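These protein sequences, in sequence, are chains V and S.
When we follow the working numbering, the leftmost residue of the first sequence carries the number 386, and every step to the right adds one.
When we follow the working numbering, the leftmost residue of the second sequence carries the number 1168, and every step to the right adds one.
By construction, the Cβ of each residue, glycine as well, lies at the ideal position given by its N, Cα and C atoms.
Owing to the predicted nature of the structure, the values given are computational and were not obtained by experimental measurement.
Presented below is the structure to which this report refers.
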Amino acid sequence: MSTDSLDGGGDDGTVTERQVRERLDRVTDPELDTSIVELEYIDAIRIDGDEVHVAFTLPTAWCSPAFAWMMATDARDEVEALPGVTRTTVELHEHMHETEINRGVNERLPFGEAFPDADGDVAPVRAELDEKARLARQHDATGTLLDAGLGGDQIVSLTREDLAFDDGRARVWVRDGALAVTVDADPLERYLEKARATGLVDDGHPELFRTPEGDPIDSESFELVRHRTRSAGVNMSGQGSVCDALHEARQADGRPPLSMR
Amino acid sequence: MYEYEGEDVFVIDSHLHLWDATEENIVHEGGEQFIQCFYDYHTAFTPEEKQWSLEEYRKYGAERMKRDLFGNGAVDMGIFQPTYLTDFYDEGFNTAEQNAELAEEYPERFVLNGTFDPRDGEEGLEYLEELNDKYDLQGVKLYTAEWRGDSKGWRLDSEESFKFLEKCAELGIRNVHPHKGPTIRPLNRDAFDVADVDDAATSFPELNFVVEHVGLPRLDDFCWIAAQEPNVYGGLAVAAPMAVHRPRKFGEIMGELLFWLGEDRLLFGSDYALWNPDWLVDVVMNAELTEEQRDEYGVELDLETKKKIMGENAAELYDIDIEEKKREFQSDDITAEFGLEDHYGPSTASADD
């Protein structure tokens, strides 16, 4: 997916805007599980030698500070992981808590210090959203396997060892390794990323796919779990539509500026 | 009355407010941000030619509200759902008393819901009784994310809340409408979490829990709870206007809701003045599921289903006899004021006159 190797940087050794954008593309809006580049949140990228500055705006001024914080810190950390970048600053615009967020993220404070009034830390919020993303991605992954002809009973018993990835394709071994089905790797890789983030890869159960509660799936519950993961996906994309519409409304001509009392 | 392909559809808008967000009424920056956030939602999901200015939106008054609801016959009856937010607004954003201005003048057209806040303790219980004495409540609207001093919210399944739910059951206030929708005050996103409805609904089977805004952005959690709790309903405020610019998403959400809850447990609401039923009813009545969505979910959003969602389900919860109401509305004040006689037809007695 990454094209870092094709674009090793500018002639003078500094990073390019394209490289920065590619790193930012890995940052998701955690509530929507969609890239912040794809969502067009990024307003500007400025490169000044080994320093990078990223400006962004969220769909609503009152978007959760915890979400804004996650996106701002993830953006900072992703860009800073680029060779040739020593420091990245981010600047959130038009947000009711932009001052606290910009200061906290750029001074590298923990969330609790930037928001002393906050009820809790960012970690549990991130975990909850990772869990929703895991379910939605499981729906896509199991849908891909169903389309490839696997049955529910086969899907529920798959383990990590039954998958082999090669050049954008995934081989999925079924019937005790007697038969392999080849599918697009992307839905499975995306699922694994969130399964890992939610601690389901090394939790003592070998089964790849799980119920929303994290347990292995009985074959008779396969349909029910499919329906539950479907609703997780509809929820996420539905929220995405809400945010998208709010974003458009904010950008509309003649929209009165946000008054901050 | 709304007419769809020659057939009458009795519309009960189950989510209305008569609010005041004028600058004079705002006593906390949250009040300004709250109305601005509402306005974002308003413009995002309202056809451009139907959008209000922010100034109109702050306070529209009883006269305009009456015209918007009944002027073109889109709505037959409405249910007021108060939102107090008294830490933000001096007189409250729309309290039961504020909503009563219209509801008391046209009692045949409105249901007036009350509220409670368990953080108010004994005083709160007294206030609930007082509201019930005054307005003979059939329902309460609850705002678990409301700020009160240092508190950033409360839970429906808390011990304190159960005292109030017990009081509701005792007073015969059957319908409980917790607001479980998009986060507005961000630092307490959990206060909007629909999870606390589960235990409350199990513990009070004699009460109906109408989850306003169907738990978005936790639609999946809401559906799963509702699938197991027969006394949990979905209020479509916020979901409904997605039919305007995002009809496909609206179809998917309706598909989920119909799949998990069925057609008898969903209630239309405009959330006026967030959105105006004078166009929203028409948009929802004309919304359709795609063939793919019908196959995926195995459900229909046909006229029979829509009639239930638009009015019959709310009538069931609030003991409204639709046929009797139609007869009453042949000659009530609203019908006279807006010339709606044709909508409710001539009474059988005078049909030959």
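List the endpoints of the continuous alpha helix (DSSP H) containing residue i.
{"i": "T1369 of chain S", "result": "D1363 to S1370"}
{"i": "N1375 of chain S", "result": "It is not in any alpha helix (DSSP H) - N1375 of chain S instead sits in the beta strand (DSSP E) that spans N1375 to E1379."}
{"i": "G1422 of chain S", "result": "P1414 to L1428"}
{"i": "W1446 of chain S", "result": "P1444 to M1452"}
{"i": "F514 of chain V", "result": "The sequence shown places Leu at residue 514 of chain V, rather than the Phe named in the question. First-last of the alpha helix (DSSP H) with L514 of chain V: V507 to D532."}
{"i": "E436 of chain V", "result": "From DSSP, E436 of chain V is part of no alpha helix (DSSP H) but of the beta strand (DSSP E) over E436 to T442."}
{"i": "S622 of chain V", "result": "F607 to Q636"}
{"i": "D569 of chain V", "result": "Where D569 of chain V is concerned, there is no enclosing alpha helix (DSSP H), although the beta strand (DSSP E) it sits in stretches over L564 to D569."}
{"i": "E1467 of chain S", "result": "It is not in any alpha helix (DSSP H) - E1467 of chain S carries neither H nor E in the DSSP assignment."}
{"i": "E1224 of chain S", "result": "With the sequence shown as reference, residue 1224 of chain S is identified as Tyr, and Glu is not the correct amino acid for it. Segment L1221 to R1225, the alpha helix (DSSP H) holding Y1224 of chain S."}
Just mark residue i as buried or exposed, buried being the case when its beta carbon has 16 or more other beta carbons within 10 Å.
{"i": "A1267 of chain S", "result": "buried"}
{"i": "H1510 of chain S", "result": "buried"}
{"i": "P1353 of chain S", "result": "Residue placement at P1353 of chain S is flagged as unreliable, the pLDDT there being 42, under the threshold of 50; the coordinate-derived value follows with that caveat. Flag for P1353 of chain S reads buried."}
{"i": "R554 of chain V", "result": "exposed"}
{"i": "V1194 of chain S", "result": "exposed"}
{"i": "L467 of chain V", "result": "buried"}
{"i": "F1277 of chain S", "result": "buried"}
{"i": "D638 of chain V", "result": "exposed"}
{"i": "P1345 of chain S", "result": "buried"}
{"i": "L593 of chain V", "result": "buried"}
{"i": "P1154 of chain S", "result": "What the structure shows of chain S is the stretch from 1168 to 1520, and residue 1154 of chain S is not part of that stretch, so it cannot be assessed."}
{"i": "L564 of chain V", "result": "exposed"}
{"i": "T544 of chain V", "result": "exposed"}
{"i": "D392 of chain V", "result": "Unreliable positioning characterises D392 of chain V in this predicted model, as indicated by a pLDDT of 49, which lies under 50. A coordinate reading is not provided."}
{"i": "K1474 of chain S", "result": "buried"}
Just the chain S side, please: which residues come within less than 7 Å of residue i by C-beta, in chain order?
{"i": "V507 of chain V", "result": "Under the 7 Å cutoff, chain S gives no residues; its nearest Cβ is about 11 Å from V507 of chain V."}
{"i": "Q624 of chain V", "result": "L1383 and P1384"}
{"i": "M481 of chain V", "result": "Q1200"}
{"i": "A630 of chain V", "result": "A1211, F1212, H1412 and R1413"}
{"i": "E633 of chain V", "result": "A1211"}
In terms of residues, what are the limits of the beta strand (DSSP E) holding residue i?
{"i": "E1174 of chain S", "result": "E1174 to V1176"}
{"i": "G1306 of chain S", "result": "G1306 to L1309"}
{"i": "I421 of chain V", "result": "Note, I421 of chain V: premise wrong, no beta strand (DSSP E); not H, not E."}
{"i": "P1345 of chain S", "result": "N1342 to P1345"}
{"i": "A549 of chain V", "result": "L548 to D551"}
{"i": "S1498 of chain S", "result": "Where S1498 of chain S is concerned, there is no enclosing beta strand (DSSP E), given that its DSSP letter is neither H nor E."}
{"i": "F1247 of chain S", "result": "M1244 to F1247"}
{"i": "H1209 of chain S", "result": "Segment E1196 to A1211 is the alpha helix (DSSP H) holding H1209 of chain S; no beta strand (DSSP E) there."}
{"i": "T484 of chain V", "result": "Premise fails: T484 of chain V lies in the alpha helix (DSSP H), E483 to N491, not in any beta strand (DSSP E)."}
{"i": "D1254 of chain S", "result": "Per DSSP, D1254 of chain S belongs to no beta strand (DSSP E) and is neither H nor E."}
{"i": "F1277 of chain S", "result": "F1277 to L1279"}
Say whether chain V places a C-beta atom closer than 8 Å to the C-beta of residue i.
{"i": "A1454 of chain S", "result": "no"}
{"i": "R1315 of chain S", "result": "no"}
{"i": "I1420 of chain S", "result": "yes"}
{"i": "K1217 of chain S", "result": "no"}
{"i": "D1387 of chain S", "result": "yes"}
{"i": "T1311 of chain S", "result": "no"}
{"i": "K1416 of chain S", "result": "yes"}
{"i": "D1187 of chain S", "result": "no"}
{"i": "P1372 of chain S", "result": "no"}
{"i": "E1275 of chain S", "result": "no"}
{"i": "M1409 of chain S", "result": "yes"}
{"i": "E1289 of chain S", "result": "no"}
{"i": "E1396 of chain S", "result": "no"}
{"i": "P1349 of chain S", "result": "yes"}
Counting contacts by CB-CB distance shorter than 8 Å, is residue i in contact with chain S?
{"i": "N620 of chain V", "result": "yes"}
{"i": "T458 of chain V", "result": "no"}
{"i": "V541 of chain V", "result": "no"}
{"i": "V627 of chain V", "result": "yes"}
{"i": "R613 of chain V", "result": "yes"}
{"i": "E425 of chain V", "result": "no"}
{"i": "A735 of chain V", "result": "Because chain V in this structure spans residues 386 to 646, residue 735 of chain V falls outside the shown range and cannot be described."}
{"i": "D532 of chain V", "result": "no"}
{"i": "S387 of chain V", "result": "With a pLDDT of only 40 at S387 of chain V, under the threshold of 50, the placement of this residue in the model should not be trusted, and no figure is reported."}
What residues from chain S crowd round residue i, counting only those whose CB sits closer than 8 Å?
{"i": "A637 of chain V", "result": "T1210"}
{"i": "E416 of chain V", "result": "P1384"}
Just the chain V side, please: which residues come within less than 7 Å of residue i by C-beta, in chain order?
{"i": "W1391 of chain S", "result": "R613"}
{"i": "D1207 of chain S", "result": "T445, L631, A634 and R635"}
{"i": "E1423 of chain S", "result": "S616 and V619"}
Output, in chain order, the set of chain V residues within a Cβ distance shorter than 9 Å of residue i.
{"i": "T1472 of chain S", "result": "By Cβ distance, chain V contributes nothing, its closest Cβ being about 18 Å from T1472 of chain S, past 9 Å."}
Below 8 Å between beta carbons is the criterion; list the residues of the region 436–448 of chain V that meet it against any residue of chain S, in chain order. T445, A446, W447 and C448
Determine which residues of the region 1246–1272 of chain S have a Cβ less than 8 Å from any Cβ of chain V, and write them out in chain order. none
Can you give me, in chain order, the residues of the region 1428–1459 of chain S that have a beta carbon less than 9 Å from any beta carbon in chain V? none
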